[in-house]
Amino acid sequence: MSALRELLGDLRGPLLAVGAAVLVGGAFVLATGHNPLLAYGAMLTGDLFATLSRAAPIVGMGVATAIAFRAGFFNLGGEGQLVLGGLAAATVALALPEGGLFTVVLSIGAAAVVGGLWAASAAFFEFRFRVPLLVSTLLLNYPARLLASYLVNHQLRDVDSGLPQTERIADGVQLARWGGSGRLHAGILLVLIVVLVVAFAIARTRAGYRLRMTGLNRRFAQAGGVDLRRLGTSVMFTSGAVAGLVGAVQVLGVHHRFIDNSLTQPLWAWTGLMVALLSGSRPLGVLLAGLFFAAVQTGGFAMERVTEVPRELSRVLQALIILFVAAKDRFRLALARTRRAD
Amino acid sequence: MSQHPPTAAFELQGITKRFGEVVANDAVDLSVDAGEIHGLIGENGAGKTTLMGVLYGIHRPDAGEIRVAGRRRRFDSPLDAIHAGLGMVHQHFMLFDSLTVAENVVFGAEPERYGLVDRAVAAKRVAELAERYGLEVETGALVGGLPVGVQQRVEILKALYRQAAVLVLDEPTAVLTPGEQEGLFRVLRSLAAEGTAIVFISHKLPEVLTLCDRTTVLRQGRVTGTVVTAQSSAEELSRLMVGRTVSAPKIEPHEPGETVLKIESLVVSGRGPDPAVDRVDLAVKAREIVGIAGVAGNGQSELAAAIAGLERPRSGRIRLGSAELTSLSVRERRAAGLACVPEDRDGTGLATAASVAENALMGFEGRPELAPRGVLDSAAIDRRAGDLVDQLRIRTAGVRAAAADLSGGNRQKLVVGRELAHDARLLLVEQPTRGVDLAAIELIHRALLDYSSGGGAVLLISAELGELLTLADRILVMLGGRIVGELARESATEERLGLLMAGGG
């Protein structure tokens, strides 16, 4: 029981927040002259496959953020790590089109390493020059996004296409697909495996113990012999690596090429951040919350088709949920744990 | 002692409060009159702080009632209690370091002018209040820069500013120097003379005996007696507290062994231009307890931090056996044979949100029997924590309970027990019994003596002279970052130490 609670966190707060958000969201719909019951009813008709496909990047980015939060470190740079990961994956996949599974593995590995190094560089600045991670991770998003944008507009551009995107990745190095028009892909499974591995690592391993204790009380961990610099750097690397991997999953499994803005437009990183907050950075909680947010978003599309309520309502709902969680816990679950090292 | 009128300022009747399976308060009755200073004593975990939490609206009682000035009350939050005329000075001050004394005092009830805080009026009112009760403070000073004794006065002023008729002080002397303590007692007596009811929570029997009109003793959540202090004695109170009388540990004569810790001309920077630790030399041998005495803030904390590896010294050498510690990380120092009981129990010694078992594991997580191939063996970890809990008689609902749910004394025992378990060659101990009850003190002292006679070297930094005199083979006195004197056990007395600490050696 207590082990389950450790993995999921306390569900009461998030459930209350969801309930309150649904009520307030309903009031919004009512105020715009629509029937909230019809709108929510239409939301429930969202496509399961679409939801799963959407949940993968949200959950993946949520876990990436949660890894850092649990150790008491900020990683607001998920977006940059995601984009560079996607770019690295596309580059490797395009360079070795004949490599089959080997290319797939190498491509995902490259994405993880690039995302990880990008995040670890922020840790380097924190420990070497005392640049707060909050600032550095956030700011590192811009060069990452702009670099990717530049490359895909010039050197890596598919010149036959009118769009800023790379050439299409060879069929042999795309992730396996099944089900409803191919929206189920092996990347979803990969993200699920990552979540389970991270959950196990945090709860049950020595490194996870050090990470948790550092997150709860940095000075305690330090006095007990945890090397903060080493832990912080590896935590940030792992966090960034998961973000990079999500980039690879989207590129190899969904888009089959790197398209400019395709990883930033859907706000995967920021939705992931919200999911991490909502779940108190518990990996399995992230899984649940990520699925829920994905369902709300796909439901939003369905609702827009069936009723005249715009799908932006789903974003309003997301924001309200977080607002209510924050109101209850004042972000203490994840953010307040973070204190600067002395 | 002042003559108190028969009206009760507040009454608690049949208060029961449970936390899970632990009964923190069991049908407790307490009545304090206006103008009375009422001592509330008991071991840590006896339920004093919980009881006052119930009175102050922090905890809601499971049974019983609260009457303030004769009226039955129900407090849902401290705010309700404050409105009802209660004031509390917590062990940990609730002040804003970056605001001035006056701003802190009026916070929450600021005098306003055109919707803005009227600073001039605020400063004037606070100054008047301070003057009236003899609480010397500079109203314009920033609180963060003030000594703890003065910060405490600000806390008292806060309560008085809100016209508290009842003032509860939770172990107010734990952080004070003897001089500051005298000042506090004068203030409390003058407040009582004006009709304020005062609850004085303490562990220290001599203080209670000098200050309090009546004293209520709690043991394991129950009242074991309420006595008129003038007609009581330290023996009676301590018997009521622990159920038996406390004896000082016996120390067998022993020869120290080889040198374990050797510090040479160590310099550690301070906040200001002067170094916090200034060219300190000292050595600790095996089977020896070396004490460091000194008024708080004379470099003891910085010395400890430099040994523990939490602060980098400016120059000098720290040798543990054959290892030079100054260039080593905390983990390497621990591997070289160092264990530390830090001064700041909750800030450094524990992760209070983590479980007892997780707290007991820190520093041991690298051991293969507890984490084979990097995977934690929770059965082994819980078993080990359970042994520690039994050995040190830590009162807890279980090893999976959060450390925060333990009382202060039990948390301290957890830290001490964990560090002793390292069987390190050198044990660095800071304030091992600060805010800890008699039974726990006895247990911790016994443990330190056993550790030393078992071959360990102990460097003991303490503000309690009695503790140093009981335990230490030699006592060094620190003043202004320097070691200004050394007394052997035979020649050390409280007076001689006090003189050295004050710079009169």
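These protein sequence lines are chains W and V, in that order. Using this note's numbering, read the first sequence as starting at 841 and increasing by one per residue. Using this note's numbering, read the second sequence as starting at 1070 and increasing by one per residue. Every residue gets a Cβ at the ideal spot worked out from N, C-alpha and C, and that includes glycine. A quick note: this is a predicted structure, and the numbers were derived from the prediction, not measured.
- Message: Check whether chain W comes within 9 Å of Met1163 (chain V), counting only Cβ atoms and requiring the distance to be less than that.
- Response: By one-based count along the second sequence, residue 1163 (chain V) stands at place 94. No, Met1163 (chain V) does not count as interfacial toward chain W.
- Near Ser1102 (chain W), what residues of its chain come up, given a Cβ to Cβ distance below 7 Å and the 5 sequence neighbours on each side ignored? Here residue 1102 (chain W) refers to the residue found at position 262 of the first sequence. Excluding positions up to five away in sequence, the list reads His1095.
- Give a yes or no on contact between the region 1331-1350 of chain V and the region 1382-1391 of chain V, applying the rule of three or more CB pairs nearer than 8 Å. The region 1331-1350 of chain V is in contact with the region 1382-1391 of chain V.
- Query: Between the C-alpha atoms of Ala1303 (chain V) and Pro1275 (chain V), what's the straight-line distance to the nearest angstrom?
  - Reply: Taking the second sequence and counting its residues from 1, one reaches residue 1303 (chain V) at position 234. Taking the second sequence and counting its residues from 1, one reaches residue 1275 (chain V) at position 206. Distance between the alpha carbons of Ala1303 (chain V) and Pro1275 (chain V): 7 Å.
- Item | Contact set between the region 1440-1459 of chain V and chain W, restricted to residues whose Cβ is under 7 Å from the partner | Per Cβ criterion, the list reads Ala1440, Gly1443, Val1444 and Leu1445.
- If you check the beta carbons only, do Lys1086 (chain V) and Leu1109 (chain V) fall under 9 Å apart? In the second sequence, the residue the question calls residue 1086 (chain V) occupies position 17. In the second sequence, the residue the question calls residue 1109 (chain V) occupies position 40. It is not a contact, given that the beta carbons lie outside the stated cut-off.
- Message: I believe Ala1493 (chain V) touches Val1359 (chain V) by the beta-carbon criterion, under 8 Å. Please report the beta-carbon distance rounded to the nearest angstrom.
- Response: For the purposes of this step, residue 1493 (chain V) is identified with residue 424 of the second sequence, where counting begins at 1. For the purposes of this step, residue 1359 (chain V) is identified with residue 290 of the second sequence, where counting begins at 1. Wrong, their Cβ atoms sit about 15 Å apart, outside the cutoff.
- Kindly provide the ranges of any alpha helix (DSSP H) runs that are 4 or more residues long and lie completely inside the region 1048-1092 of chain W, ordered along the chain. 1058-1063 and 1068-1090
- Query: At least one CB of chain W closer than 9 Å to the CB of Ala1078 (chain V): is that the case?
  - Reply: Numbered from 1 along the second sequence, position 9 holds the residue referred to as residue 1078 (chain V). No, Ala1078 (chain V) lies away from the interface with chain W (no Cβ there is under 9 Å from its Cβ).
- alpha helix (DSSP H) segment containing Phe1488 (chain V), residue limits: Taking the first residue of the second sequence as position 1, residue 1488 (chain V) is located at position 419. Checking the displayed sequence, the identity of residue 1488 (chain V) turns out to be Glu instead of Phe. Counting along the chain, the alpha helix (DSSP H) containing Glu1488 (chain V) begins and ends at Gly1477 to Leu1489.
- Message: What are the residues in the region 1060-1077 of chain W lying within 8 Å of chain V by C-beta distance?
- Response: Result list: Phe1060, Ala1061, Gln1062, Ala1063, Gly1064, Gly1065, Val1066 and Asp1067.
- Does the beta carbon of Leu1056 (chain W) sit closer than 9 Å to a beta carbon anywhere in chain V? Here residue 1056 (chain W) refers to the residue found at position 216 when the first sequence is read from its first residue. It does; some Cβ of chain V falls within 9 Å.
- Query: Roughly how many whole angstroms lie between the Cα atoms of Asn1367 (chain V) and Ala908 (chain W)?
  - Reply: The sequence position of residue 1367 (chain V) within the second sequence is 298, counting from 1. The sequence position of residue 908 (chain W) within the first sequence is 68, counting from 1. So the alpha carbons of these two residues sit roughly 38 Å apart.
- Task: Assign Thr872 (chain W) to one of two classes, buried (16 or more other C-beta atoms within 10 Å of its C-beta) or exposed (fewer than that).
- Result: Here residue 872 (chain W) corresponds to residue number 32 of the first sequence, with the count starting at 1. Label assigned to Thr872 (chain W): exposed.
- Item | Boundaries (first-last residue) of the beta strand (DSSP E) holding Ile1450 (chain V) | Residue 1450 (chain V) sits at position 381 when you count from the first residue of the second sequence. Here Ile1450 (chain V) belongs to no beta strand (DSSP E); instead the alpha helix (DSSP H) covers Ser1447 to Gln1460.
- Query: Listing by chain order, which chain W residues have their CB less than 7 Å from the CB of Arg1400 (chain V)?
  - Reply: Working through the second sequence from its first residue, we reach residue 1400 (chain V) at position 331. Correct list: Gly1065 and Asp1067.
- Residue interval of the alpha helix (DSSP H) (run including Lys1117 (chain V)): Sequence index remark: in the second sequence, residue 1117 (chain V) carries index 48 (1-based). Where Lys1117 (chain V) is concerned, the enclosing alpha helix (DSSP H) stretches over Lys1117 to Leu1124.
- Task: Mind checking the region 1401-1415 of chain V against chain W and listing, in chain order, the residues whose C-beta falls within less than 7 Å of any C-beta there?
- Result: Arg1403, Cys1409 and Pro1411
- Task: Taking Glu1499 (chain V) as the query, report the chain W residues whose CB atoms sit under 7 Å from its CB, ordered along the chain.
- Result: Residue mapping note: residue 1499 (chain V) aligns to position 430 of the second sequence, counting from 1. Chain W residues near Glu1499 (chain V): none, gap ~11 Å exceeds 7 Å.
- Message: For His1323 (chain V), count the other beta carbons within 10 Å of its own beta carbon; 16 or more makes it buried, fewer makes it exposed. Which is it?
- Response: For the purposes of this step, residue 1323 (chain V) is identified with residue 254 of the second sequence, where counting begins at 1. Counting the other CB atoms within 10 Å of its CB gives His1323 (chain V) a total below 16, which places it among the exposed residues.
- Taking the continuous alpha helix (DSSP H) assigned at Phe1040 (chain W), which residues delimit it? The residue labelled residue 1040 (chain W) in the question sits at position 200 within the first sequence. Start and end: Ala1026 to Arg1044.
- Query: From Leu1113 (chain W) to Val1126 (chain W), what does the alpha carbon distance come to, in whole angstroms?
  - Reply: Locating residue 1113 (chain W) in the first sequence gives position 273, where the first residue counts as 1. Locating residue 1126 (chain W) in the first sequence gives position 286, where the first residue counts as 1. Answer to the nearest angstrom: the Cα atoms are 10 Å apart.
- Mind listing the chain V neighbours of Ala906 (chain W)? Cutoff is C-beta to C-beta under 8 Å, in chain order. Counting from one through the first sequence, the residue named residue 906 (chain W) turns up at place 66. Within 8 Å Cβ-Cβ: nothing; Ala906 (chain W) doesn't reach chain V, min ~17 Å.
- So, are the CB atoms of Thr1076 (chain V) and Gly1139 (chain V) less than 9 Å apart? Taking the second sequence and counting its residues from 1, one reaches residue 1076 (chain V) at position 7. Taking the second sequence and counting its residues from 1, one reaches residue 1139 (chain V) at position 70. Cβ distance < 9 Å, so Thr1076 (chain V) and Gly1139 (chain V) count as in contact.
- Message: Taking the straight line between their C-alpha atoms, what separation do you get for Leu892 (chain W) and Ile1510 (chain V)?
- Response: One-based indexing of the first sequence puts residue 892 (chain W) at position 52. One-based indexing of the second sequence puts residue 1510 (chain V) at position 441. Each residue's alpha carbon lies about 59 Å from the other.
- Message: Among the candidates V:Gly1252, V:Val1425 and V:Gly1478, whose CA atom is the shortest distance from the CA of Asp1456 (chain V)?
- Response: Start at 1 with the first residue of the second sequence, and residue 1456 (chain V) comes out as number 387. Of the candidates V:Gly1252, V:Val1425 and V:Gly1478, the one whose C-alpha sits nearest the C-alpha of Asp1456 (chain V) is V:Val1425.
- Item | Proximal residues, the region 1472-1504 of chain V versus chain W, C-beta separation under 8 Å | none
- Message: Assuming the contact rule is C-beta atoms closer than 8 Å, Val1240 (chain V) and Phe1162 (chain V) should be a hit. Round their C-beta distance to whole Å, please.
- Response: One-based indexing of the second sequence puts residue 1240 (chain V) at position 171. One-based indexing of the second sequence puts residue 1162 (chain V) at position 93. In the sequence as displayed, the identity of residue 1240 (chain V) is Glu instead of Val. By a beta-carbon distance limit of 8 Å, Glu1240 (chain V) does not contact Phe1162 (chain V). Their separation comes to about 12 Å.
- Looking at the unbroken beta strand (DSSP E) that takes in Lys1086 (chain V), where does it start and where does it end? For the purposes of this step, residue 1086 (chain V) is taken as the residue at position 17 of the second sequence. Here the beta strand (DSSP E) through Lys1086 (chain V) covers Ala1077 to Phe1088.
- Task: For the region 1042-1053 of chain W, enumerate the residues whose C-beta is nearer than 9 Å to any C-beta of chain V, in chain order.
- Result: Ala1043, Arg1044, Thr1045, Arg1046, Ala1047, Gly1048, Tyr1049, Arg1050, Arg1052 and Met1053
- Message: To the nearest angstrom, how far is the alpha carbon of Gln1300 (chain V) from that of Val1277 (chain V)?
- Response: Numbered from 1 along the second sequence, position 231 holds the residue referred to as residue 1300 (chain V). Numbered from 1 along the second sequence, position 208 holds the residue referred to as residue 1277 (chain V). If you take the alpha carbons of Gln1300 (chain V) and Val1277 (chain V), they lie about 13 Å apart.
- Item | Contact between the region 1415-1435 of chain V and the region 1051-1064 of chain W (3+ Cβ pairs under 8 Å) | yes
- Sequence-distant residues of its chain with Cβ nearer than 8 Å to Val1292 (chain V) (five each side left out): Residue 1292 (chain V) sits at position 223 when you count from the first residue of the second sequence. Correct list, in chain order: Val1097, Asp1098, Leu1099, Thr1285 and Val1286.
- Task: Tell me, please, whether the region 1190-1205 of chain V touches the region 1216-1236 of chain V by the rule of three or more beta-carbon pairs shorter than 8 Å.
- Result: yes
- Task: Would you mind listing the beta strand (DSSP E) stretches within the region 1230-1259 of chain V that are 3+ residues and don't spill past its ends, in chain order?
- Result: 1235-1239
- Mapping DSSP to helix, strand and coil, what is Ile1510 (chain V)? Here residue 1510 (chain V) refers to the residue found at position 441 when the second sequence is read from its first residue. Correct three-state label for Ile1510 (chain V): helix.
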